[in-house]
Structure formats: C-alpha cells, structure tokens
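In the working numbering, the protein residues as written are 213 to 374. Backbone N, C-alpha and C fix where the C-beta goes; we use that ideal spot for every residue, glycine too. Take a look at the structure set out below.
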C-alpha cells in the first residue's frame with residue numbers, strides 16, 4: 213500500500229473542554245535587528261506600569277550583575293543545570309518601573325536560560341526556589357500568572373495570559 217497515509221485524529225466539539233484552563237499565548241515577532249526604543253515600546257504596550265524581571269543570572273554575566281547593582285534583589289545562589297563545569301547562578305529579580313533594564317536582558321537572553329517578565333510581584337513564590345526545584349517557568353504556569361518570555365534566538369516574545 214505505497215502512498216497510503218493513515219492519520220489519527222480526535223474531533224473536539226465546542227463545549228467538550230473548559231478552555232479556561234489553557235493559557236492564551238500570543239507571539240510578537242521581532243525584527244532581526246530591534247533597537248532599544250522599539251523594544252521598550254513593545255513592552256510598554258504589554259505592561260503599562262511596573263515590570264518585574266525574574267531570572268537566574270549566570271556568574272559569567274558579572275558585567276550585568278554590576279550594572280544592576282542594588283536594583284537586583286537576590287534570593288539564592290543555585291547550581292545551573294546542564295552547565296559543565298558547574299556554574300552558579302544568581303536567582304532574583306529586578307523591579308523595572310522605568311523599563312530601563314529590559315533591553316539589557318533581551319540582549320543577553322541567549323546566555324540567560326531562565327528569564328521571565330511579569331507585571332505581577334511573585335517574589336514570595338520565587339524565593340522558595342532551590343536546587344531541587346529550580347524551574348521558574350513552572351511557578352508562573354502552575355499559579356496562572358501572566359508573563360512574557362523571549363523565544364529561541366530572541367526572534368519573538370511569548371505573551372502568556374490566563
């Protein structure tokens with residue numbers, strides 16, 4: 213039976229599932245070269261007020277840590293998974309009311325694996341993260357907290373709303 217393709221499918225009728233449990237995810241495609249003003253404008257359209265930047269900054273990003281200085285609130289120092297030799301990372305956040313740090317994080321998003329933007333203060337939840345439970349993304353998903361992540365190769369933003 214050459215050329216015969218079998219496809220399994222499920223037909224879902226309206227009302228079969230409560231779609232309220234699934235997040236609404238939209239992607240905002242970014243130009244190959246996006247400048248700081250344009251990037252901040254995009255974020256201002258998503259978050260009108262405060263923007264919290266939750267992250268685990270690798271120790272190798274010492275320049276970024278110096279730039280942030282007292283603006284970075286650190287919870288914990290963690291071993292970064294999948295990095296050899298073992299590198300430590302600084303778990304914490306920046307409350308970026310003026311949106312003056314978001315572009316710096318965007319530029320470093322390729323080297324910073326754990327990076328989430330939100331207008332919700334989740335510092336209490338994130339302060340409980342340790343090496344056994346280091347997935348900051350899961351905290352946002354489980355608690356249905358709206359947030360933004362940066363897609364692979366910094367090509368788009370994932371805006372997640374509940």
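Quiz item: If you count every other CB in all the chains shown that lies within 10 Å of the CB of residue 219, and 16 or more means buried, which is it?
Solution: Here the question's residue 219 lines up with position 7 in the chain shown. The predicted model places residue 219 with a pLDDT of 47, which falls under 50 and marks its position as unreliable; any figure quoted below should be read in that light. By the 10 Å Cβ count, residue 219 comes out exposed.
Exercise. Measure how close the beta-carbons of residue 287 and residue 339 come, nearest whole angstrom, since I'm counting them as under 8 Å.
Key: Counting from 1 along the chain shown, the entry for residue 287 is found at position 75. Counting from 1 along the chain shown, the entry for residue 339 is found at position 127. Their Cβ separation, rounded to whole angstroms, is 5 Å, which keeps residue 287 and residue 339 in contact under 8 Å.
Quiz item: Nearest CA to the CA of residue 253: which residue from 312, 348 and 244?
Solution: Within the chain shown, residue 253 is the residue found at index 41, counting from 1. For residue 253, the closest C-alpha among the options 312, 348 and 244 is that of 312.
Self-check item: Whether residue 276 touches residue 238 by CB criterion (8 Å)
Solution: Residue numbering aside, residue 276 sits at position 64 when the chain shown is read from its first letter. Residue numbering aside, residue 238 sits at position 26 when the chain shown is read from its first letter. Against a cut-off of 8 Å, the Cβ pair of residue 238 and residue 276 comes out as no contact.
Quiz item: Alpha carbon to alpha carbon, what distance is there between residue 260 and residue 291?
Solution: For this step, residue 291 is matched to residue 79 along the chain shown. For this step, residue 260 is matched to residue 48 along the chain shown. Straight through space, the alpha carbons of residue 260 and residue 291 are spaced by roughly 34 Å.
Quiz item: How is residue 251 classed by DSSP in three states: helix, strand or coil?
Solution: The count along the chain shown starts at 1 and reaches residue 251 at position 39. Three-state DSSP puts residue 251 in a helix.
Quiz item: Whose CA, out of 247, 240, 323 and 244, lies closest to the CA of residue 271?
Solution: Within the chain shown, the letter at position 59 stands for residue 271. When each option's Cα is compared against that of residue 271, the closest is 323.
Quiz prompt | Residue burial classification, residue 241 (beta-carbon count within 10 angstroms, cutoff 16) | solution = Here residue 241 refers to the residue found at position 29 when the chain shown is read from its first residue. Counting Cβ neighbours within 10 Å, residue 241 comes out exposed, since fewer than 16 surround it.
Quiz item: Are residue 233 and residue 373 touching if we call contact CB-CB under 8 Å?
Solution: Sequence index remark: in the chain shown, residue 233 carries index 21 (1-based). Sequence index remark: in the chain shown, residue 373 carries index 161 (1-based). In this structure, the beta-carbon distance from residue 233 to residue 373 does not fall below 8 Å.
Practice problem: Let me know the secondary structure DSSP gives residue 276 once reduced to three states. | Solution: Locating residue 276 in the chain shown gives position 64, counting from the first residue. Reduced to three states, the DSSP call for residue 276 is helix.
Quiz item: From residue 331 to residue 351, what distance separates their C-alpha atoms?
Solution: In the chain shown, residue 331 corresponds to position 119, counting from 1. In the chain shown, residue 351 corresponds to position 139, counting from 1. Going by the C-alpha atoms only, they are around 15 Å apart.
Quiz item: According to the neighbour-count rule (16 or more other Cβ atoms, all chains shown, within 10 Å of its Cβ), is residue 354 buried or exposed?
Solution: Translated into the one-based positions of the chain shown, residue 354 becomes position 142. Burial call: exposed.
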